[in-house]
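In this note's numbering, the protein residues as written are 40 to 458.
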């Protein structure tokens with residue numbers, strides 16, 4: 040006798056080597072129908088129409104499974120649902136992030152019984168993770184190369200975002216290096232404007248950055264913004280590699296699948312993953328959304344060496360609970376040996392936030408700033424020096440800050456937070 044369809048659709052456990060598992064927060068007036076709609080619709084077809092071609096073999100191999108008992112979903116309006124998707128439905132190497140996201144956050148958006156659907160987590164088996172490379176350099180190498188093992192990295196962001204000519208941009212970046220930054224990032228909207236063409240500016244700015252860094256006997260990562268469509272995106276990164284530039288910055292709107300694609304070339308260059316705009320996808324108030332933690336997990340395995348993870352105490356201020364969870368995703372050890380991704384805290388960072396940031400999150404972060412660096416009363420060099428002085432004061436509580444002019448002026452302007 041043929042097994043009932045629900046016997047294939049529901050199971051409280053699966054072989055974790057043969058499935059990846061998506062964890063959802065769902066709202067629905069018919070939770071059983073909503074969960075079934077996702078599992079069926081995102082694996083074999085129409086949630087409400089069964090076909091003769093749905094053989095026992097097909098269902099056993101290709102139907103997604105709801106990891107629960109159907110009775111547990113009845114009469115619930117909001118709950119957590121886990122759905123296991125068969126690895127057999129994927130070409131793990133070629134389908135990649137594109138098909139993964141298409142599957143777990145696809146057709147259920149059209150099911151009217153689903154009032155909201157938030158993807159909370161993805162549990163990916165080792166066989167899936169082996170198709171990813173992870174960060175090329177990672178935190179340990181980056182911190183070693185910048186000589187900041189016992190302090191946060193200092194990231195400087197180019198401001199104004201766009202409109203600078205090449206000569207002015209060169210001077211801004213030079214001043215950041217003189218002041219003591221470890222990393223320089225062009226902002227996400229600096230593409231290839233006529234006032235500051237990409238290839239021309241990159242050569243000139245990188246030369247001055249590396250020359251000034253050499254004078255200080257230190258290493259600085261300069262990350263030009265490469266945001267663009269294919270094939271230009273790849274061509275720009277290839278150009279950077281030819282110029283021996285250490286990093287590049289690419290925004291999430293280039294595509295969450297693009298990071299894995301770019302990492303597949305194994306270029307000797309660090310990748311900065313910029314989140315600006317992510318709340319369109321990740322905001323908890325959206326009816327349909329993806330947890331930022333899921334995108335962080337995908338970013339790390341896809342190859343992000345740096346990522347704008349969030350912020351503590353700035354004009355963007357995430358919760359401590361969220362930030363600690365996100366940092367764990369980026370920096371925890373795992374069996375496959377992926378390098379750690381550097382979490383960048385940005386959006387209102389300033390010297391007065393150094394102590395609270397380190398106290399709550401440790402030294403394995405990068406504090407990145409633009410406005411409070413260039414907006415220091417004495418200019419960009421002093422803005423960078425003020426952050427370095429804040430790092431020194433944090434590391435050695437016996438230091439006297441009374442003669443640290445740059446730091447004191449920054450605190451007077453931006454304030455000090457101690458919590």
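Note that the Cβ used here is the ideal one computed from N, Cα and C, for glycine as well.
Using beta-carbon positions only, say whether residue i and residue j come within less than 8 Å of one another.
i: residue 83; j: residue 93; result: yes
i: residue 112; j: residue 70; result: yes
i: residue 8; j: residue 185; result: Outside the displayed range of the chain (40 to 458) lies residue 8, so it cannot be described from this structure.
i: residue 382; j: residue 340; result: no
i: residue 419; j: residue 215; result: yes
i: residue 59; j: residue 171; result: no
i: residue 259; j: residue 221; result: yes
i: residue 237; j: residue 245; result: no
i: residue 37; j: residue 57; result: Any property of residue 37 remains undetermined from this structure, which presents the chain solely from 40 to 458.
i: residue 353; j: residue 174; result: no
i: residue 68; j: residue 116; result: yes
i: residue 333; j: residue 161; result: yes
i: residue 140; j: residue 122; result: no
i: residue 287; j: residue 279; result: yes
i: residue 365; j: residue 412; result: no
i: residue 426; j: residue 192; result: no
i: residue 433; j: residue 394; result: yes
i: residue 225; j: residue 187; result: no
i: residue 190; j: residue 384; result: no
Using the DSSP secondary-structure output, state which residues sit across from residue i in a beta bridge.
i: residue 118; result: 65
i: residue 75; result: According to DSSP, which records beta bridges pairwise, residue 75 is partnered with nothing at all.
i: residue 125; result: 58
i: residue 192; result: 405
i: residue 49; result: 105
i: residue 264; result: 288
i: residue 349; result: 384
For residue i and residue j, I'd like the C-alpha separation in whole angstroms.
i: residue 401; j: residue 324; result: 30 Å
i: residue 212; j: residue 255; result: 15 Å
i: residue 454; j: residue 421; result: 16 Å
i: residue 392; j: residue 76; result: 47 Å
i: residue 276; j: residue 298; result: 12 Å
i: residue 312; j: residue 85; result: 37 Å
i: residue 40; j: residue 304; result: Only weak support is given to the placement of residue 40: the predicted model assigns it a pLDDT of 33, under 50, and the value that follows is read from those uncertain coordinates. Cα to Cα, residue 40 sits roughly 52 Å from residue 304.
i: residue 228; j: residue 234; result: 13 Å
i: residue 196; j: residue 316; result: 17 Å
i: residue 310; j: residue 344; result: 5 Å
i: residue 329; j: residue 266; result: 22 Å
i: residue 355; j: residue 247; result: 32 Å
i: residue 55; j: residue 295; result: 25 Å
i: residue 369; j: residue 91; result: 46 Å
Hey, could you find the ends of the alpha helix (DSSP H) residue i is sitting in?
i: residue 381; result: No alpha helix (DSSP H) contains residue 381, which is instead part of the beta strand (DSSP E) from 381–384.
i: residue 138; result: 131–143
i: residue 434; result: 419–434
i: residue 255; result: Note, residue 255: premise wrong, no alpha helix (DSSP H); not H, not E.
i: residue 215; result: 205–218
i: residue 167; result: 165–168
i: residue 300; result: 297–302
i: residue 181; result: 177–184
Return the residue from the list the options that minimises the CA-CA distance to residue i.
i: residue 153; options: 192, 80 and 91; result: 80
i: residue 447; options: 436, 416, 437 and 434; result: 416
i: residue 207; options: 192, 241, 102 and 75; result: 241
i: residue 327; options: 63, 42 and 101; result: 63
i: residue 371; options: 350, 349, 398 and 403; result: 403
i: residue 165; options: 451, 183, 445 and 377; result: 377
i: residue 389; options: 449, 399 and 369; result: 449
i: residue 250; options: 266, 270, 272 and 210; result: 210
i: residue 423; options: 443, 65 and 438; result: 443
i: residue 198; options: 451, 408, 321 and 218; result: 408
i: residue 48; options: 103, 88 and 91; result: 103
i: residue 43; options: 394, 156 and 89; result: 89
i: residue 74; options: 156, 131 and 129; result: 156
i: residue 363; options: 349, 307, 355 and 373; result: 349
i: residue 66; options: 452, 119, 425 and 180; result: 119
i: residue 337; options: 356, 322, 361 and 379; result: 379
i: residue 452; options: 143, 202, 387 and 239; result: 387
i: residue 108; options: 319, 181, 52 and 261; result: 52
i: residue 110; options: 101, 55, 78 and 45; result: 45
i: residue 307; options: 61, 292 and 284; result: 284
i: residue 293; options: 269, 302 and 281; result: 269
How far does the beta strand (DSSP E) with residue i in it extend, from its first residue to its last?
i: residue 289; result: 286–290
i: residue 224; result: 222–224
i: residue 455; result: Element bounds for residue 455: n/a, residue is neither H nor E.
i: residue 160; result: 153–162
i: residue 329; result: 327–329
i: residue 312; result: 309–313
i: residue 368; result: That residue, residue 368, is in no beta strand (DSSP E); its alpha helix (DSSP H) goes 359–370.
I want to check one thing, is the minimum distance from the CB of residue i to the heavy atoms of the ligand SAH below 7 Å?
i: residue 222; result: This structure lacks the ligand SAH; in fact it carries no ligand of any kind.
For residue i and chain D, any beta-carbon pair shorter than 8 Å?
i: residue 273; result: Considering every chain present, this structure includes no chain D. It has just one protein chain.
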